[in-house]
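Written out below as structure tokens is the structure these notes cover.
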Amino acid sequence: MGIVSDGFVLVTGADGFIGSHLVEALVKRGKAVRAFVQYNSFNSWGWLDHAPPEALRGVDVVAGDIRDFASIRAAMKGCDTVFHLAALIAIPYSYQAPQTYIDTNITGTLNILQAARELGVSKVVHTSTSEVYGTARFVPITEEHPLCAQSPYAASKIGADQMALACHLSFGTPVAIARPFNTYGPRQSARAVIPTIITQALSGRPGIKLGAAHTTRDFNYVQDTVAGFLAVADSPNSIGQTINIGSNFEISIAETVAVVAEVIGVPLDIFSEQARVRPADSEVERLWADNSKARVLLGWEPRYGGRAGFMRGIAETVDWFRDPKNVASYKSDRYNV
1 MGIVSDGFVL VTGADGFIGS HLVEALVKRG KAVRAFVQYN SFNSWGWLDH
51 APPEALRGVD VVAGDIRDFA SIRAAMKGCD TVFHLAALIA IPYSYQAPQT
101 YIDTNITGTL NILQAARELG VSKVVHTSTS EVYGTARFVP ITEEHPLCAQ
151 SPYAASKIGA DQMALACHLS FGTPVAIARP FNTYGPRQSA RAVIPTIITQ
201 ALSGRPGIKL GAAHTTRDFN YVQDTVAGFL AVADSPNSIG QTINIGSNFE
251 ISIAETVAVV AEVIGVPLDI FSEQARVRPA DSEVERLWAD NSKARVLLGW
301 EPRYGGRAGF MRGIAETVDW FRDPKNVASY KSDRYNV
């Protein structure tokens with residue numbers, strides 16, 4: 001069936017890491033794209049400012065605030081499909097400003113759902129996160145795994161997910177929930193662990209400062225995550241469903257440092273820095289995705305799966321971070337909350 005193409009495809013959070021890659025992928029598909037970015041007085045479009053001109057050919061960029069219903073409803077007019085990625089995602093900052101996460105992640109999602117209902121949008125792809133599962137109680141983690149909010153961020157995303165499902169069940173809103181595990185790749189903020197490792201490693205300073213290194217994650221290269229979003233939008237079977245987008249490959253943070261060291265070709269020691277350590281009960285110890293539902297329902301599977309795929313994705317990410325113009329705004333010498 002494919003993405004409905006009679007009108008615009010809207011991407012909220014288009015100025016961010018995954019959102020900017022998704023915009024580029026949609027343009028390559030020949031879609032009419034409207035990119036919703038966070039309003040700011042600098043007129044910055046975030047990572048879209050760094051995209052080559054051909055990647056943004058015909059893109060209608062709209063600045064606004066996901067917390068403001070009027071601005072999001074106006075942006076959604078004439079749109080058939082909506083990819084909702086706009087959110088606050090940094091876990092450490094959610095300890096400091098939990099109300100902001102409620103306002104942005106839950107109220108912002110409600111704004112999308114209400115506008116979709118009023119405007120008759122054909123499909124909303126809502127973005128979840130593997131953090132809603134908390135520390136794995138069983139592995140690999142299926143979509144039936146219990147939800148456990150171990151941070152204010154996770155709680156806000158659970159609330160947003162449940163609002164999306166509630167609108168589908170109550171009003172028939174055509175919502176599908178994409179639940180990506182830990183995405184990495186070019187353009188990711190240094191508040192995430194892989195850019196933190198790479199930028200420190202490339203800086204030439206001895207040692208890598210991290211929080212907990214024993215925890216495990218299911219990392220997904222950004223191109224796989226984007227392909228997962230597109231597959232969710234394409235499939236009529238995804239409406240009303242929550243679908244893991246994960247690699248089904250588990251690796252510890254310490255092992256991830258070793259992979260980066262192997263790719264770069266330098267030995268890397270790990271030093272624990274207390275400021276980077278989450279509160280003990282808030283740390284998600286283990287994440288490992290079961291992606292069988294995505295394979296069966298969507299026909300999606302990761303191209304960067306397994307250890308070999310992970311090394312390939314890390315190599316491509318390192319190559320991007322080696323370019324001085326790409327990392328000009330990064331501050332590798334500081335801890336990014």
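Using UniProt numbering, read the sequence shown as starting at 1 and increasing by one per residue.
Where is the CB? At the ideal position from N, CA and C, for every residue including glycine.
Here the structure is a predicted model, which means the values were calculated and not measured.
For the alpha helix (DSSP H) containing residue 307, name the first residue and the last one. Residue range 306–322 is occupied by the alpha helix (DSSP H) that includes residue 307.
Between which two residues does the beta strand (DSSP E) containing residue 127 stretch? 123–127
Starting from residue 87, follow its DSSP beta bridges and name the residues at the other end. Answer is none; residue 87 lacks a bridge partner.
At what residues does the alpha helix (DSSP H) containing residue 246 begin and finish? Note, residue 246: premise wrong, no alpha helix (DSSP H); not H, not E.
Do the region 34–54 and the region 87–96 make contact, defined as three or more Cβ pairs closer than 8 angstroms? Using a C-beta cut-off of 8 angstroms, the region 34–54 makes no contact with the region 87–96, since fewer than three inter-stretch Cβ pairs fall below that distance.
Excluding sequence positions up to five away, which residues of its chain have a Cβ less than 6 angstroms from the Cβ of residue 132? 147, 154, 157 and 158
Through-space distance from residue 322 to residue 266, alpha-carbon basis: 14 angstroms
When the Cα atoms are used, what is the spatial distance from residue 152 to residue 96? 9 angstroms
Give me whichever residues DSSP pairs with residue 219 in a beta bridge. As DSSP reads the structure, residue 219 sits in a beta bridge with 182.
Here's the rule I'm using: 16 or more other beta-carbon atoms within 10 Å means buried, otherwise exposed. How should residue 188 be labelled? buried
Let me make sure I understand the geometry here. Which of 68, 75 and 320 has the alpha-carbon closest to that of residue 14? 75
Check residue 77 in the structure and name its three-state DSSP category. coil
What does DSSP give as the partner residues of residue 28 in its beta bridges? When beta bridges are read from the DSSP output, residue 28 appears opposite no residue.
With a CB to CB cut of under 7 angstroms and the five nearest residues on each side skipped, what residues in its chain are close to residue 100? 88
Helix, strand or coil for residue 1? Go by DSSP, reduced to three states. Any reading at residue 1 is ruled out, since the residue's pLDDT is 46, under 50, leaving its predicted position unreliable.
Are at least three pairs of beta-carbons, each pair with one atom in the region 281–292 and one in the region 210–220, less than 8 angstroms apart? yes
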